[in-house]
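> A single structure is presented below for examination.
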Amino acid sequence: MTVSTFTANSAANTVKDKTESKKGMVYNTKDLNLWYGETHALKNINLEIQENDVTAIIGPSGCGKSTYIKTLNRMVELTPIVKISGDIQYREKSIFDKNFKVEDLRTHVGMVFQKPNPFPKSIYENVVYGPKIHGIRDKKVLDQIVEKSLRGAAIWDEVKDRLHENAYGLSGGQQQRLCIARCLAIEPDVILMDEPTSALDPISTLKVEELVQELKKDFSIIIVTHNMQQAARISDKTAFFLNGEVIEYADTDVIFSNPTDKRTEDYITGRFG
Amino acid sequence: MKHIDTKLVEKKMGSRLTTNTVAKNVFLAATLFGLLVLVILIYRVVADSIGWIDFEFLTNKLSTDPEKAGIMGAISGTLWLMVVVAPVTMILGVGTAIYLEEYAKKGRLQAFIQTNISNLAGVPSIVFGILGLTVFARALGLGNIVLAGGLTMSLLVLPVVVVASQEAIRAVPQFLREASYGMGATKWQTIKNVVLPAALPGILTGVILALSRAIGETAPLVVLGIPALLIPLPDGIFDKFTVMPMQIYYWTLDSALVAEYANLAAGTIVILLLVLFIMNSIAVLIRNKFQRRF
Ligand SMILES: Nc1ncnc2c1ncn2[C@@H]1O[C@H](COP(=O)(O)OP(=O)(O)O)[C@@H](O)[C@H]1O
Ligand SMILES: [Mg+2]
Numbered sequence: 001m002t003v004s005t006f007t008a009n010s011a012a013n014t015v016k017d018k019t020e021s022k023k024g025m026v027y028n029t030k031d032l033n034l035w036y037g038e039t040h041a042l043k044n045i046n047l048e049i050q051e052n053d054v055t056a057i058i059g060p061s062g063c064g065k066s067t068y069i070k071t072l073n074r075m076v077e078l079t080p081i082v083k084i085s086g087d088i089q090y091r092e093k094s095i096f097d098k099n100f101k102v103e104d105l106r107t108h109v110g111m112v113f114q115k116p117n118p119f120p121k122s123i124y125e126n127v128v129y130g131p132k133i134h135g136i137r138d139k140k141v142l143d144q145i146v147e148k149s150l151r152g153a154a155i156w157d158e159v160k161d162r163l164h165e166n167a168y169g170l171s172g173g174q175q176q177r178l179c180i181a182r183c184l185a186i187e188p189d190v191i192l193m194d195e196p197t198s199a200l201d202p203i204s205t206l207k208v209e210e211l212v213q214e215l216k217k218d219f220s221i222i223i224v225t226h227n228m229q230q231a232a233r234i235s236d237k238t239a240f241f242l243n244g245e246v247i248e249y250a251d252t253d254v255i256f257s258n259p260t261d262k263r264t265e266d267y268i269t270g271r272f273g
Numbered sequence: 001m002k003h004i005d006t007k008l009v010e011k012k013m014g015s016r017l018t019t020n021t022v023a024k025n026v027f028l029a030a031t032l033f034g035l036l037v038l039v040i041l042i043y044r045v046v047a048d049s050i051g052w053i054d055f056e057f058l059t060n061k062l063s064t065d066p067e068k069a070g071i072m073g074a075i076s077g078t079l080w081l082m083v084v085v086a087p088v089t090m091i092l093g094v095g096t097a098i099y100l101e102e103y104a105k106k107g108r109l110q111a112f113i114q115t116n117i118s119n120l121a122g123v124p125s126i127v128f129g130i131l132g133l134t135v136f137a138r139a140l141g142l143g144n145i146v147l148a149g150g151l152t153m154s155l156l157v158l159p160v161v162v163v164a165s166q167e168a169i170r171a172v173p174q175f176l177r178e179a180s181y182g183m184g185a186t187k188w189q190t191i192k193n194v195v196l197p198a199a200l201p202g203i204l205t206g207v208i209l210a211l212s213r214a215i216g217e218t219a220p221l222v223v224l225g226i227p228a229l230l231i232p233l234p235d236g237i238f239d240k241f242t243v244m245p246m247q248i249y250y251w252t253l254d255s256a257l258v259a260e261y262a263n264l265a266a267g268t269i270v271i272l273l274l275v276l277f278i279m280n281s282i283a284v285l286i287r288n289k290f291q292r293r294f
């Protein structure tokens, strides 16, 4: 076992001791390793993620942030060369269990992508996509879901008069909030966000950040970010990834004020990355 | 120390510019040559057909009397042929494309099938005619009816539909599929709700181009023994039939006997070209309208 893994484990344990009594755990990652062919992209990851937290994943480009978050809903396996060892438990069930279908996992765990990716359909059709997939046909119910989800994503007022217009007519920031609404419409438990603001302007970024603060009341959020200020502003816990390893995982204020590992300190003070 | 000698550059400038102009004109001439041949062809056909295309030419049945002869039989034969070819190529072609793009593992088998589809596109049409004759007309005992002709034509144009549909499906960006999978959709739900709607314009373009090829093909139908002189109109896919290119073929052959048959052939060619021109324009329109939406 490498020194860094040890650091990560001990950090995780300290955090766990403080909070376990109050909050449940949504994800427990145990000795996770992932390869793209020969590339060892994730190395011995051990992480426990608490419910109703915003958990930020930071680290330089190529350190495995996207790979990790895509493993949590098994989207990473769409790449055929991927091999995985170790385990991830979601609400105490292994996500790799044969009886736990990926379709089922993904209705509990929604995802928002780096680049806004609405369907080339109307705003309304975008939001009802998930519910329809899961068998809801009743127009009244769908209408309710649309309003609730769009309100939840703080975009209702901007689009309520143009629900049947194509989503491609929205600005990038609006498209991203629509994608968040589309994700809320499946009534998930966890929301995964992979650099959701990296394609957005500062004002849209701010809106999404405020939204994340709002959403954490009802959801557990795991957010990858390139932007350390963002992690510091919005997250409760922060995991620092480097070269496929978790170097340090702790309360966000601890990571940013008093990191244990030299490499964490170097990264957050901008010495590399 | 300069590497480029200004004097030398100036000295050579003239010949460089001359070569440049020559090159431009050579390529222009190549383009004009093709266009010229096309213009002459169309001019001759149109000139021969003038005075022969009228309403009755389109609505009359076949007759040995050139004044009374019309191409209604060939038109309805072509339409019935499409009734077979369109759904068969759609289902088989799009189905194959979906399998190859969305389901098949990228590997040897997939590469093998892919190569064979490309090879199939290069097989001469007469070979498909022989296949149709052996399998549909004789082994299945269908004879020279619309269904046999339509199935033969379907095989012939299938590669066009498969390749066009594959390209259309491949052009659907991965992030749309990810959005769908990310909400717990199955593969089929993703294909049905996201991939196919986004690929539809490209698929339609391919199907229209395939149909226009089927409308113009002659050789396979000659092999199938589509009749030269057929007076009754086909009423369904189990009837005997003829199509425009066959009509052109026989009238041209017989123009040695009756000179006016050449004019009838020319008139049919004009109609056939018009139909093909319209179909190809629709295909291009669809493609341009829906291009690069993502
Ligand atoms: N589809 C893939 N095929 C092969 N290697 C990949 C693939 N995706 C990512 N990788 C590799 O895995 C590592 C981690 O990538 P990624 O998770 O995208 O990093 P991050 O999101 O932190 O920038 C990188 O070295 C990258 O080159
Ligand atoms: Mg990434």
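So the sequence lines, in the order shown, correspond to chains H and U.
Take the first sequence: its letters are residues 1 to 273, numbered as in UniProt numbering.
Take the second sequence: its letters are residues 1 to 294, numbered as in UniProt numbering.
From the three backbone atoms N, C-alpha and C, an ideal C-beta is built for every residue, glycine too.
Could you give the DSSP three-state label for S21 (chain H): helix, strand or coil?
Since pLDDT at S21 (chain H) reaches only 46, below the 50 mark, its modelled position is unreliable, and the value read off the structure follows with that caveat. Correct three-state label for S21 (chain H): coil.
> Name the two residues that bound the continuous alpha helix (DSSP H) containing G51 (chain U).
Looking at the DSSP string, G51 (chain U) is not in any alpha helix (DSSP H), and its letter there is neither H nor E.
> Within 10 Å of its beta-carbon, does I155 (chain H) have 16 or more other beta-carbons around it, so buried, or fewer, so exposed?
buried
> Let's test the definition: count the other Cβ atoms within 10 Å of the Cβ of M1 (chain U) and tell me whether it reaches 16, buried, or not, exposed.
Burial call: exposed.
> Say the cut is 7 Å; is the CB of D194 (chain H) nearer than that to a heavy atom of ligand 3?
No copy of ligand 3 occurs in the structure displayed; its ligands are ligand 1 and ligand 2 alone.
> Using a Cβ-Cβ distance cut-off of 8 Å, determine whether N117 (chain H) contacts chain U.
It does; some Cβ of chain U falls within 8 Å.
> Just curious, the alpha helix (DSSP H) that residue 299 (chain U) is in, first and last residue?
Outside the modelled stretch of chain U, which goes from 1 to 294, sits residue 299 (chain U), for which no answer is possible.
> Taking 8 Å as the CB-CB limit, is V194 (chain U) close to chain H?
Flagged as an interface residue toward chain H: V194 (chain U), by a C-beta distance shorter than 8 Å.
> Starting from I58 (chain H), follow its DSSP beta bridges and name the residues at the other end.
H:F240
> Measuring CA to CA, which of H:D138, H:K140, H:V141, H:L163 is closest to L150 (chain H)?
That would be H:L163, whose Cα lies nearest to the Cα of L150 (chain H).
> Listing by chain order, which chain U residues have their CB less than 9 Å from the CB of R106 (chain H)?
Y181, G182, M183, G184, A185
> List the endpoints of the continuous beta strand (DSSP E) containing Q89 (chain H).
82–90
> Here's the rule I'm using: 16 or more other beta-carbon atoms within 10 Å means buried, otherwise exposed. How should A30 (chain U) be labelled?
Exposed, since its Cβ has fewer than 16 Cβ neighbours within 10 Å.
> Ligand 1 and A56 (chain H): does any heavy atom of the ligand fall closer than 7 Å to the residue's C-beta?
no
> Is there contact between the segment 248–266 of chain U and the segment 33–53 of chain U, where contact requires at least three CB pairs shorter than 8 Å?
The count of Cβ pairs closer than 8 Å, one atom from the segment 248–266 of chain U and one from the segment 33–53 of chain U, reaches three, so the stretches are in contact.
> Could you round the C-beta distance between M25 (chain H) and Q50 (chain H) to whole angstroms and report it? I think they count as a contact, below 8 Å.
Approximately 6 Å separates the beta-carbon atoms of M25 (chain H) and Q50 (chain H); this is inside 8 Å, confirming the contact.
> Closer than 7 Å to a non-hydrogen atom of ligand 1 - does that hold for the CB of S85 (chain H)?
No; taking the cut-off as 7 Å, the Cβ of S85 (chain H) has no heavy atom of ligand 1 nearer than that.
> Should N126 (chain H) be labelled buried (16 or more other beta-carbon atoms within 10 Å of its own) or exposed?
Flag for N126 (chain H) reads buried.
> Given a threshold of 16 other Cβ atoms within 10 Å of its Cβ, counted over all protein chains shown, does R177 (chain H) qualify as buried or as exposed?
buried
> Under 8 Å between the Cβ atoms of P220 (chain U) and G129 (chain U)?
Cβ atoms of P220 (chain U) and G129 (chain U): closer than 8 Å.
> Of the residues that make up the segment 155–179 of chain U, which ones have a beta carbon closer than 7 Å to any beta carbon in chain H?
F175, L176, E178, A179
> Please report the straight-line C-alpha distance between N117 (chain H) and N52 (chain H), rounded to a whole angstrom.
26 Å
> Using beta carbons (cut-off 8 Å, strictly below), is M111 (chain H) in contact with chain U?
yes
> Just list the residues that DSSP pairs E67 (chain U) with in beta bridges.
Paired residues: none, contrary to the question.
> Could you tell me the boundaries of the beta strand (DSSP E) in which N46 (chain H) lies?
Where N46 (chain H) is concerned, the enclosing beta strand (DSSP E) stretches over 39–50.
> In terms of residues, what are the limits of the alpha helix (DSSP H) holding M279 (chain U)?
260–290
> If we cut at 8 Å on Cβ distances, does N258 (chain H) have a partner in chain U?
no
> Chain H beta carbons: is any one of them nearer than 8 Å to that of A97 (chain U)?
no
> Could you tell me the distance, in whole angstroms, from the CA atom of K217 (chain H) to the CA atom of D189 (chain H)?
11 Å
> Let me know the alpha helix (DSSP H) ranges lying completely inside the segment 156–188 of chain U, each 4 residues or longer, listed in chain order.
174–182
> L192 (chain H) lies in the beta strand (DSSP E); which residues open and close that run?
190–194
> Indicate whether at least one CB of chain H lies closer than 8 Å to the CB of Q110 (chain U).
So, not an interface residue.
> Ligand 1 and T71 (chain H): does any heavy atom of the ligand fall closer than 7 Å to the residue's C-beta?
no
> Expressed to the nearest angstrom, what Euclidean distance is found between the alpha-carbon atoms of D65 (chain U) and V157 (chain U)?
36 Å
> Measure the alpha-carbon distance for P159 (chain U) versus L120 (chain U) and round it to whole angstroms.
7 Å
> Do L32 (chain H) and I88 (chain H) count as a contact pair if the criterion is CB distance below 8 Å?
In terms of Cβ geometry, I88 (chain H) and L32 (chain H) form a close pair [threshold 8 Å].
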